Structure formats: structure tokens, C-alpha cells
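Q:
Number of protein chains: 2
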Amino acid sequence: MNVHTLTIVGVGLIGGSIGLAARQRGVARRILGVGRQKSSLERAQSVGAIDEGLLDVNAAVHRAEIAVFCTPVERIAEQVRSAATGCSPGTLLTDAGSTKGAIMRDLEGRLPAGIAFVGSHPLAGSEKRGPDHADADLFEGRLVVVTPSLTTDPLALERTLAFWRALGARVRIMDAGEHDRALALTSHLPHLLASALAGILPPELHDLTATGFRDTTRVAAGDSSIWTGIFAQNRDAVLAALRRLDDRLAQFRCALETGDTTSLDTLLAQAKEIRDALGS
Amino acid sequence: MNVHTLTIVGVGLIGGSIGLAARQRGVARRILGVGRQKSSLERAQSVGAIDEGLLDVNAAVHRAEIAVFCTPVERIAEQVRSAATGCSPGTLLTDAGSTKGAIMRDLEGRLPAGIAFVGSHPLAGSEKRGPDHADADLFEGRLVVVTPSLTTDPLALERTLAFWRALGARVRIMDAGEHDRALALTSHLPHLLASALAGILPPELHDLTATGFRDTTRVAAGDSSIWTGIFAQNRDAVLAALRRLDDRLAQFRCALETGDTTSLDTLLAQAKEIRDALGS
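Chains as they are written, first to last, in the numbering used here: chain A, 1 to 280; chain B, 1001 to 1280.
Spelled out as C-alpha cells, the structure:
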């Protein structure tokens, strides 16, 4: 893959890592970054994630052969629609948003002929933010879920898959709704739980936490506005995932209340088996 | 501190780390380990955690100046009572159990004159097990909660504090019940949540988990029988902690159901602030 110009809208941890990975792997000849603040674009440029920083999304996207939107999920569809007008035919637009259904629905049938948007979600990241935490190997061996619609041009889909593979990722095609239901359980619910748990820790108990509390709540350090957007866009699936968790918590509560250590041990052993299978 | 003989009952991750730390810091001249299987005692000896392995708890404790019980919480009080008869006057018995109230109550007023038991809980450990994961620096800078009773000999308390400090730990004296209520929130509830979350992950979604799910559920890989014992001994405090969490989850659910993104952002931002204060 040899893209003449790759534009990255939002050069934080994910966008910056895309830039670093693309440069290191020779995926793009020129990498443009778009941000709202000159200072963060300068940081992204100084770490080598982009060649040039621009404040104007549309101008930067119009120069791109491929553009990746790494902005908060509630802004992606609007930015894509705005930028699509004026793109050269054949421009491929994709994203790195944690939700896919709302974005795909918003864009369906609303882009100019010859301009494709194919949704993407790299399952990589951390609670950290900004280009200073970008990592050229962030996508190495990680999964990127790609969510075409029924009307997606097969060639655009193929280019999207090739782009992420070129950054070192594995790819998997999923329906956007199926993605959102799955990620509600594997990502959004864990964040909600971590935040609920961190939120009830009184200051006087800070010193009585150890690695267990810290691991379990680590993702709660993520940016709240980013996650508010994700929860709002995937509300129904997150509520459904929360109901499944409630049912499981009720089983734990019942076993505790009745002193049923056999059931308690079974619940814990089932969880251990599943967690062991995931690896570290 | 220069103990002539330190006996460690249960030479797993914690017991093995006590042995390694005691050896490295010259805390004890001879270190005895007690286990139920010769093979694990041989492993503990080969990694340098103990000088000698014994299968007989009482015989090993009777030779000790200080003995530390690192066995599952539901076995500690019984083992201490059994071993205390036959100890030399002045022998100090302590433990590394994650619960303290039930153990302290069980032992109160039931030990021979001159034999002291002072409860301890090092806030260190991991989901891993066995002497192969033992670490001489496990207690370095970590907190050990020490829980004397109203009748604890002040000298025995002082020796217990000195012992853990000699292994590199910080120490804090707490009432056993206060310890259990605090740890229900900072350790036992996180384990319950991690297990509930891991337990509802269907196999087909394993590949759609990333670091968020893995961090949040890491402790669920801990040994189920160990944790069944902890939950059973601290049942009321764990149920109370679970009610606090339920209240918080209800706030998240309400914010999601009503589309109240302001409240959602506030809940997430409060959690972030607390989690940020804990450090990595």
C-alpha cells in the first residue's frame, strides 16, 4: 500500500499512532494531521506522527487519498458529511470510532458519488491521551473491526481492510449493529463498571487499594466527554449489557446471602476459566 | 531484626515472597516452609524462599520465633490454635489473610499464655499463584494492615510491625472490623465485579476484548476457592459494598435511560478524578 496523502483528523493517541505506524511501514508518502489546537499539532509533528498540521478539516481531507477520522464519535458523521463534498472521486474515508451503528446510519446514502465511507474500529487504545502516548506498534496484531453497509463499494471495503492490515492489524468484517452489541459488553460495560466502582471510593480508603482495585478501575481514567459520547451513541446495547450483568450480580448476591459457598465457588470458577482463556 | 527461625505456613506467592524478602534483607537466620505437597516445598526451596520444607504445621511452628500463616483465610484460626499449644513462650504468630474479623474473633482469649497472635494483611499480591511467582520486593513500599485486639500484648504488636517493616513494607494499625469493611470495598467488591463481568462473556466475543476488558477482569483469574473463603468470611461487608455499587449503577442506568448526558459526564468525570488520584 502506498497512499499519496493520508489525512488523520484528530491526532491524539489513536490518530498519532496511525501516523507513526503509517510512516514506519511506508504506507503513505505524506501524512496530514488535523486538530483544533496548533500546539497539539506541533506535538504530533515533533513526535513524527504527521508531516503537516492543519486546522481546517475539509481542506485537509480534500487533499487526501485516504482520510481517517479519529475524533469523538458524536462528531464523526457530521465531519465526514461536511468534508466529503469537495473530495476527489475515489477518496476513501474511514474512522476509528468506538461505536458504529449511529455513524453508519447517519451517513447511509448521504455522500457524493465516488466518495466512500467505511466504518472502522481498532480495538486498541488506553486510558491515556494525546500524541505523546502514540505508538507505532499500537495496532500490531490487534483487531480492527470494519463495518461496511449493504451499499458499500466492495473496492472501498477492500482498501479499508488493506489499510489497517498495512498498519499491522488483523481485520474482521462485522455488521455495525452487531459490533455495537458486542462492544457494549466487551468495552462499554467494563468502562461503566470501572467508573461506578472508582466513583464510590471514599478518599480515606485510597491508601487501602492495591493492584486489584487499580486494575479493575484503570479504564475509568479515560476522558469523560469521549465516553459520554460513546455511551450516548450505544445506549440501548449498553443498557442490555448492564441487565445481563445485573442478573449475574444477583446470582452472586443470592449465593452470599444464603451462605451457598458451592454456588459462589462455581460462579468464581466459571469466571476464572473465561479470564484465563483471554490471557494476560 | 534478626529472627533465629521464621516459619512460613503456606509457601505460595505471598509466603514465598516473605521468605525471599526475609532472606534478602537478613531478617531471619533460618526459614522453614510448610506445605501440603513435597513438590511445592521443593519448588519453594529451589527458588530460595525457604531453607527447609516440612509437611507438619505444628512441628514447624514449634521451632519458630515468628510464624506467618499464609494459608486460605478459613483455615488460619484453626491452624493457629492447633499450633499454639507447644510453642515456646514468646513465640509470635501472625498471618497474611485478606480478612481479619473472623480470625481475630475466633482466636480471642483462646491461645496459651505467652503466645501472641497479631493479625496482618499485606496489601500485595496478584492473580498468580505459587512460589515461582514469589518476589523478594513484593512488599517494598506496600501497606501491611496490622489488626491487634484490645488484649494484644503491646510488645507482640511492636514485633509484628517491625517484622513487616523489615521486609520493606509500610504498616498501619486498624481495628479488624474496620479493615474488613474497608477491604470489602477496595478488594473484595472489585473481585466480585471482575468475576461477574468475566462470567458473562460468551466465547464468540473473546476476540472482541481489548485491554479495557482485560484490565477490568484481571483479578477474576485468582483462585476461586481462596476467594470463596474470603467472601464467606466477609459476607456482610461485601453485601454492604455491593449495595453501594448498586446505587451507583442505578445512577448510571437512570442517566442512560433518560439521555441525561450531563449527569453521565458528571458520573464519569467524578470517577476519573478519583482514579487519576490513585496513580497507575
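The C-beta atom is built at its ideal place from N, Cα and C for all residues, glycine as well. All of these numbers come straight from a predicted model, not from anything done at the bench.
In chain A, what lies closer than 7 Å to I1274 (chain B) by C-beta?
A: Neighbours of I1274 (chain B) on chain A, chain order: A198, G199, L201.
Q: Curious, which full-length beta strand (DSSP E) runs of at least 3 residues does the stretch 131–162 of chain A contain?
A: Counting whole runs of 3 or more residues, the stretch 131–162 of chain A contains the beta strand (DSSP E) stretches 143–147.
Q: In chain order, what residues of the same chain have a beta carbon less than 8 Å from the beta carbon of T209 (chain A), not counting five sequence neighbours either side?
A: Around T209 (chain A): L201.
Q: Given a cut-off of 7 Å, decide if R275 (chain A) and T1217 (chain B) are closer than it, judged by their beta-carbon atoms.
A: Against a cut-off of 7 Å, the Cβ pair of R275 (chain A) and T1217 (chain B) comes out as a contact.
Q: Straight-line CA distance for I1050 (chain B) to L189 (chain A)?
A: Whole-angstrom Cα-Cα distance: 44 Å.
Q: I need the straight-line Cα distance from D1175 (chain B) to Q1233 (chain B), nearest angstrom please.
A: Cα to Cα, the separation comes out at about 16 Å.
Q: Could you tell me whether the stretch 1112–1126 of chain B touches the stretch 1092–1100 of chain B, where touching means 3 or more Cβ pairs closer than 8 Å?
A: These segments touch.
Q: Near V1027 (chain B), what residues of its chain come up, given a Cβ to Cβ distance below 8 Å and the 5 sequence neighbours on each side ignored?
A: Correct list, in chain order: M1001, N1002, V1003, L1006, A1021, F1163, A1166, L1167.
Q: Extract the residue ranges of the beta strand (DSSP E) inside the stretch 1042–1092 of chain B, only unbroken runs of 3 or more that lie entirely within it.
A: Runs of the beta strand (DSSP E) inside the stretch 1042–1092 of chain B: 1052–1054, 1066–1069.
Q: Taking C-beta to C-beta, are V80 (chain A) and L92 (chain A) nearer than 7 Å?
A: Not closer than 7 Å, so no.
Q: Looking at C-alpha atoms only, which residue of B:A1116, B:V1061, B:G1130, B:A1060 is the closest neighbour of G1015 (chain B)?
A: Closest by alpha carbon: B:G1130.
Q: Specify whether the stretch 101–108 of chain A and the stretch 257–269 of chain A touch according to this definition: at least 3 beta carbon pairs, one from each stretch, less than 8 Å apart.
A: The stretch 101–108 of chain A, when compared against the stretch 257–269 of chain A, does not touch it at the 8 Å Cβ threshold.
Q: Please report the Cβ distance between L1054 (chain B) and V1034 (chain B), rounded to the nearest whole angstrom; I am assuming they are in contact, meaning their Cβ atoms lie under 8 Å.
A: Correct: roughly 5 Å between the Cβ atoms.
Q: Once you ignore the five residues that flank T1160 (chain B) on each side, which residues in its own chain have a CB closer than 7 Å to its CB?
A: So the qualifying residues of the chain are L1092, T1094, V1118, S1120, V1146.
Q: Measure the alpha-carbon distance for E273 (chain A) versus A237 (chain A) and round it to whole angstroms.
A: Looking at the two C-alpha atoms, the distance is approximately 25 Å.
Q: With burial defined as no fewer than 16 other Cβ atoms inside 10 Å of the residue's Cβ, what is the status of S224 (chain A): buried or exposed?
A: Burial call: buried.
Q: Are the Cβ atoms of D1132 (chain B) and S1017 (chain B) separated by less than 7 Å?
A: No.
Q: Check whether the Cβ atoms of R170 (chain A) and L143 (chain A) lie closer than 7 Å to each other.
A: Going by C-beta atoms, R170 (chain A) is nearer than 7 Å to L143 (chain A).
Q: For the beta strand (DSSP E) containing L1267 (chain B), name the first residue and the last one.
A: Not the beta strand (DSSP E): L1267 (chain B) falls in the alpha helix (DSSP H), residues 1261–1278.
Q: Check each candidate in A:T211, A:G229, A:R36, A:T152 and name the one with the smallest Cα separation from D56 (chain A).
A: Nearest option by C-alpha distance: A:R36.
Q: How close, in whole Å, do the beta carbons of L1032 (chain B) and R1063 (chain B) come, if the pair is a contact with beta carbons under 8 Å?
A: Yes, L1032 (chain B) and R1063 (chain B) are in contact; Cβ-Cβ is about 6 Å, under 8 Å.
Q: Judging by CA-CA distance, which residue of B:G1199, B:A1250, B:F1252 is the nearest neighbour of D265 (chain A)?
A: Nearest option by C-alpha distance: B:G1199.
Q: Comparing alpha-carbon positions, which option in A:S40, A:K38, A:E52, A:A44 lies nearest R30 (chain A)?
A: Per the Cα distances, A:E52.
Q: Throw me the rounded Cβ distance for the L1242 (chain B) and F1252 (chain B) pair, which I believe falls under 8 Å.
A: Contact flag wrong, Cβ pair sits at about 15 Å.
Q: Run through chain B and tell me which residues come within less than 7 Å of S195 (chain A), C-beta to C-beta.
A: Ordered by position in chain B, the residues that pass the 7 Å Cβ test against S195 (chain A) are L1267, L1268, A1271.
Q: Drop a sphere of 10 angstroms on the beta-carbon of T228 (chain A), count the other beta-carbons inside from all chains shown, and report buried for 16 or more, exposed for fewer.
A: It counts as buried.
Q: Counting only the same chain and skipping the five closest in sequence on each side, list residues whose C-beta sits under 8 Å from that of S39 (chain A).
A: Nothing listed; no residue qualifies.
Q: Along the chain, where does the alpha helix (DSSP H) that runs through R1029 (chain B) open and close?
A: Here R1029 (chain B) belongs to no alpha helix (DSSP H); instead the beta strand (DSSP E) covers 1028–1034.
Q: Could you check whether A84 (chain A) and P112 (chain A) sit closer than 7 Å to each other, using their CB atoms as the reference points?
A: It is a contact, given that the beta carbons lie within the stated cut-off.
Q: Cβ of V1144 (chain B) less than 7 Å from any chain A Cβ?
A: No, its Cβ sits nowhere closer than 7 Å to a Cβ of chain A.
Q: Along the chain, which unbroken stretches of the beta strand (DSSP E) at least 3 residues long are found entirely within the stretch 1096–1128 of chain B?
A: Runs found: 1116–1122.
Q: Within 7 Å of any Cβ in chain B, is that where the Cβ of R248 (chain A) sits?
A: Yes, R248 (chain A) lies at the interface with chain B (some Cβ there is under 7 Å from its Cβ).
Q: Between V1061 (chain B) and L1041 (chain B), how many whole angstroms is the CB-CB distance? I'm expecting something under 8 Å.
A: About 15 Å; that fails the 8 Å criterion.
Q: Taking Cβ to Cβ, would you say C87 (chain A) is nearer than 7 Å to I115 (chain A)?
A: Closer than 7 Å, so yes.
Q: Is it buried or exposed, D1180 (chain B), if we count other Cβ atoms within 10 angstroms and call 16 or more buried?
A: Answer is buried; the Cβ neighbour count reaches 16.
Q: Using a Cβ-Cβ distance cut-off of 7 Å, determine whether W227 (chain A) contacts chain B.
A: True, the Cβ-Cβ gap to chain B drops below 7 Å.
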